[in-house]
Amino acid sequence: FQWSDSDEDTMSGKGYEEIWQGWNDLTNSAADAGVTRLIVDIIGNGGGNVDLGYALASFMYPDAQWADFSNTYDMVYSEAMDVYWNEVQPFFTSGLSDALGGTYSNATMLANEDPTMLVSKLNKTVGFLGALAEVNGDSSVSSAYETTKLILMSVQLRDPVSISVEEMTLLLNTITGLAGGSSPGQLNYFTFTGSSVPVPVELQRGGVTANYTSQFVFLQPNAFELSHIRNMEMEHPYQFNQYIVLADGNDVGSTANTFMTTVNEYSKSNPDPNLRLVSYGGSGKREDSAVSQFSGGFVGFADLSTLYVPDFLLIILASWFDGTPAGGKVDEILAAYDTTIPNPSYYNFMAPRFPVSEIYSAKTGQNSIPLEYVDQVPDNYIRQWPTSTSFSSPADLPGLYDLAAEYFDDQTMDIGEGEQPSDPANKASPSGSSDTPGASPASTAKPSSSTAINNFSLLHVLLGGCVYLLALL
Numbered sequence: 113f114q115w116s117d118s119d120e121d122t123m124s125g126k127g128y129e130e131i132w133q134g135w136n137d138l139t140n141s142a143a144d145a146g147v148t149r150l151i152v153d154i155i156g157n158g159g160g161n162v163d164l165g166y167a168l169a170s171f172m173y174p175d176a177q178w179a180d181f182s183n184t185y186d187m188v189y190s191e192a193m194d195v196y197w198n199e200v201q202p203f204f205t206s207g208l209s210d211a212l213g214g215t216y217s218n219a220t221m222l223a224n225e226d227p228t229m230l231v232s233k234l235n236k237t238v239g240f241l242g243a244l245a246e247v248n249g250d251s252s253v254s255s256a257y258e259t260t261k262l263i264l265m266s267v268q269l270r271d272p273v274s275i276s277v278e279e280m281t282l283l284l285n286t287i288t289g290l291a292g293g294s295s296p297g298q299l300n301y302f303t304f305t306g307s308s309v310p311v312p313v314e315l316q317r318g319g320v321t322a323n324y325t326s327q328f329v330f331l332q333p334n335a336f337e338l339s340h341i342r343n344m345e346m347e348h349p350y351q352f353n354q355y356i357v358l359a360d361g362n363d364v365g366s367t368a369n370t371f372m373t374t375v376n377e378y379s380k381s382n383p384d385p386n387l388r389l390v391s392y393g394g395s396g397k398r399e400d401s402a403v404s405q406f407s408g409g410f411v412g413f414a415d416l417s418t419l420y421v422p423d424f425l426l427i428i429l430a431s432w433f434d435g436t437p438a439g440g441k442v443d444e445i446l447a448a449y450d451t452t453i454p455n456p457s458y459y460n461f462m463a464p465r466f467p468v469s470e471i472y473s474a475k476t477g478q479n480s481i482p483l484e485y486v487d488q489v490p491d492n493y494i495r496q497w498p499t500s501t502s503f504s505s506p507a508d509l510p511g512l513y514d515l516a517a518e519y520f521d522d523q524t525m526d527i528g529e530g531e532q533p534s535d536p537a538n539k540a541s542p543s544g545s546s547d548t549p550g551a552s553p554a555s556t557a558k559p560s561s562s563t564a565i566n567n568f569s570l571l572h573v574l575l576g577g578c579v580y581l582l583a584l585l
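In the working numbering, the protein residues as written are 113 to 585.
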């Protein structure tokens with residue numbers, strides 16, 4: 113069962129309904145075959161759609177509640193955020209209307225005093241929005257551009273040239289409405305846990321104190337509840353009683369890490385179904401061989417065009433209300449916001465991509481350290497180092513799955529303390545040399561046996577691709 117339209121280790125190209133149906137088909141097939149154990153393979157999985165990562169976790173643990181999976185996030189709090197949320201956003205929401213006396217009638221009368229200037233201002237507005245649509249690429253900006261062009265055409269067809277109150281209201285609501293989706297960090301898309309908007313929280317990272325945003329959640333409660341109801345509509349939602357999450361850490365992270373961490377933490381306090389993390393390869397030491405290489409959270413592009421949207425909109429409004437009290441307020445906010453926006457690098461032909469947020473465990477929240485600083489040691493470790501483990505080159509997968517399946521009934525939990533757990537697969541070193549007669553490197557691993565196939569099913573999970581902002585994950 114593959115969550116991808118290609119041979120890549122990604123979670124791209126499929127939506128929730130498709131993966132819901134895929135999981136339902138998988139559990140039905142498992143029920144028909146009497147299969148109750150599942151290996152979840154995230155080898156080489158670099159992340160992807162965060163929502164689908166959480167969806168997979170909810171499929172595996174259908175009784176989990178939103179609070180169990182509601183990992184929290186934050187990001188560095190910037191000066192641009194501060195000005196946006198305290199000055200720009202309130203002004204676009206109600207400040208302009210308040211400055212104009214609660215109605216756009218006066219603004220309409222002012223605009224109609226000079227028909228030539230009215231057309232000039234509309235042309236400038238169309239030009240600004242057209243340029244912004246070209247650079248930003250957001251459909252809402254393109255829609256605003258088209259709306260403003262229609263208003264301009266309507267105004268020019270009148271004799272004498274004039275704009276109606278309805279057209280002025282539509283124009284100004286269109287302009288101010290664009291600012292709501294253009295906050296620094298795109299934080300308007302998330303729900304904050306302790307405040308309605310992000311506020312600065314002083315935290316220390318690596319001995320350096322800085323302001324971060326208040327916590328927000330990616331997984332929305334209402335959406336989770338709807339998916340929970342859908343999950344219980346499956347014919348066999350409780351088909352599996354044991355899971356193994358398998359990977360070697362290389363290139364595994366982002367959404368794949370968020371998924372792995374979420375199910376692993378939940379399973380520790382809810383051990384039915386039982387779940388174990390199994391890694392392989394690496395240095396030959398369990399403590400050096402995490403299943404995932406880099407953390408969740410999400411990444412984004414240094415898209416300065418998003419930051420410049422409010423800037424452009426304020427410039428447009430400044431041209432409309434120059435010399436009025438409303439124009440004075442616009443100038444004041446524009447000056448404050450414009451100084452917080454960095455200039456683009458002249459030599460960059462595309463925006464760089466970098467980690468945007470940190471992620472915290474749903475169990476501990478922001479009072480703990482972010483998960484990227486947590487060393488998650490696997491429960492079990494296979495010292496062999498297979499290399500043909502991708503969709504396009506799967507030769508080593510059957511033997512690797514056989515070795516991993518030997519840990520289904522291993523309940524040793526004290527990893528790194530006391531005696532080492534029994535590792536039936538630890539018979540060969542990464543180079544293939546053996547401490548035990550008969551041991552072999554992964555390239556000659558034994559083929560998948562009928563006994564193993566009868567005891568576990570196989571899911572090659574695809575959590576890759578990029579989401580937003582994130583890619584994600």
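Beta carbons: idealized from backbone N, C-alpha and C, even for Gly.
Q. Do you know whose CA, among 182, 174 and 520, lies nearest residue 162's CA?
A. 182
Q: Whole angstroms is fine: what's the gap from residue 502's alpha carbon to residue 342's?
A: 31 Å
Q | residue 286, buried or exposed, once every other Cβ within 10 Å from all chains shown has been counted against 16 | A | buried
Q: Starting from the C-beta of residue 386, find all residues in its chain whose C-beta is less than 6 Å away, skip the five residues before and the five after it, and write them out in chain order.
A: For residue 386, where only same-chain residues beyond five positions count, the Cβ hits under 6 Å are 354.
Q: Measure the Cβ-Cβ separation of residue 155 and residue 322 and say whether it is below 8 Å.
A: no
Q. Quick one: any contact between the stretch 185–196 and the stretch 327–337, if contact means 3 or more CB pairs under 8 Å?
A. By the Cβ criterion, the stretch 185–196 is in contact with the stretch 327–337, since at least three pairs of Cβ atoms, one from each stretch, lie closer than 8 Å.
**Q.** Distance, residue 519 Cα to residue 131 Cα
**A.** Taking the straight line joining both Cα atoms gives about 27 Å.
Q. For residue 236, which option in 212, 361 and 427 has the closest C-alpha, if you only look at C-alpha atoms?
A. 427
Q: Starting from the N-terminal side, write out each stretch of the beta strand (DSSP E) that is 3 residues or longer and does not extend beyond the stretch 349–416.
A: 354–358, 386–392 and 411–413
Q: Please list the segments of the beta strand (DSSP E) lying wholly inside the stretch 300–346, counting only runs of 3 or more residues, in order along the chain.
A: 312–317 and 320–325
Q: Note down the Cα distance separating residue 231 from residue 446, rounded to an integer number of angstroms.
A: 24 Å
Q: Using a threshold of 8 Å, state whether the C-beta atoms of residue 263 and residue 223 are closer than that.
A: no
Q: Count the other C-beta atoms from every protein chain shown that fall within 10 angstroms of the C-beta of residue 367, then say buried if there are 16 or more, exposed otherwise.
A: buried
Q | residue 450 to residue 423 span [Cα, whole Å] | A | 6 Å
Q: Name the residue from 174, 279 and 202 whose alpha carbon lies nearest to the alpha carbon of residue 219.
A: 279
Q. Can you give the Cα-Cα distance for residue 381 and residue 194, rounded to whole angstroms?
A. 39 Å
Q: Mark residue 641 as exposed unless 16 or more other C-beta atoms lie within 10 angstroms of its C-beta, in which case mark it buried.
A: The chain is shown from 113 up to 585; residue 641 falls before or after that span and cannot be answered.
Q: Taking only the alpha-carbon atoms, compute the straight-line gap between residue 225 and residue 272 and give it to the nearest angstrom.
A: Whole-angstrom Cα-Cα distance: 11 Å.
Q) How would you label residue 511, buried or exposed, when you count the other beta carbons within 10 angstroms and need 16 or more for buried? A) Residue 511 is buried by the Cβ-count criterion.
Q: In angstroms with no decimal places, state the Cα-to-Cα distance between residue 371 and residue 165.
A: Answer to the nearest angstrom: the Cα atoms are 5 Å apart.
Q | Residues bridged to residue 470 [DSSP beta-bridge criterion] | A | Partner(s): 186.
Q) If you draw a straight line from the C-alpha of residue 201 to the C-alpha of residue 291, how long is it? A) 7 Å
**Q.** Inter-residue spacing [alpha-carbon to alpha-carbon] between residue 543 and residue 127
**A.** In this predicted model, residue 543 has a pLDDT of only 33, less than 50, meaning its place in the structure is not dependable enough to derive any value.
**Q.** Of the listed residues 150, 309 and 472, nearest to residue 483 (C-alpha basis)
**A.** 472
Q | Beta-carbon contacts of residue 306 that lie in its chain and below 7 Å, excluding the five residues immediately before and after | A | 326 and 327
Q) By how many angstroms is the C-alpha of residue 516 removed from the C-alpha of residue 549? A) In this prediction, residue 549 scores a pLDDT of 27, lower than 50, which makes its location untrustworthy; the coordinate-derived value is nonetheless stated afterwards. Approximately 20 Å between the Cα atoms of the pair.
Q: Tell me whether residue 149 is buried or exposed, calling it buried when 16 or more other Cβ atoms sit within 10 Å of its Cβ.
A: buried
Q | For residue 493, the nearest candidate out of 421, 397, 485 and 333 (CA to CA) | A | 397
Q.
Quick check on the burial criterion: 16 or more other C-beta atoms within 10 angstroms. Buried or exposed for residue 176?
A. Its Cβ being crowded by 16 or more others within 10 Å, residue 176 is buried.
(Q) Rounded to whole angstroms, what is the Cα-Cα separation between residue 255 and residue 362? (A) 43 Å
Q: Determine the DSSP secondary structure at residue 160, reduced to helix, strand or coil.
A: strand
Q. Rounded to a whole number of angstroms, what is the C-alpha to C-alpha distance between residue 141 and residue 171?
A. 15 Å
Q: Would you tell me roughly how many angstroms separate the C-alpha atoms of residue 560 and residue 507, rounded to the nearest one?
A: In this prediction, residue 560 scores a pLDDT of 34, lower than 50, which makes its location untrustworthy; the coordinate-derived value is nonetheless stated afterwards. Inter-residue distance for residue 560 and residue 507 is about 11 Å (C-alpha atoms, whole angstroms).
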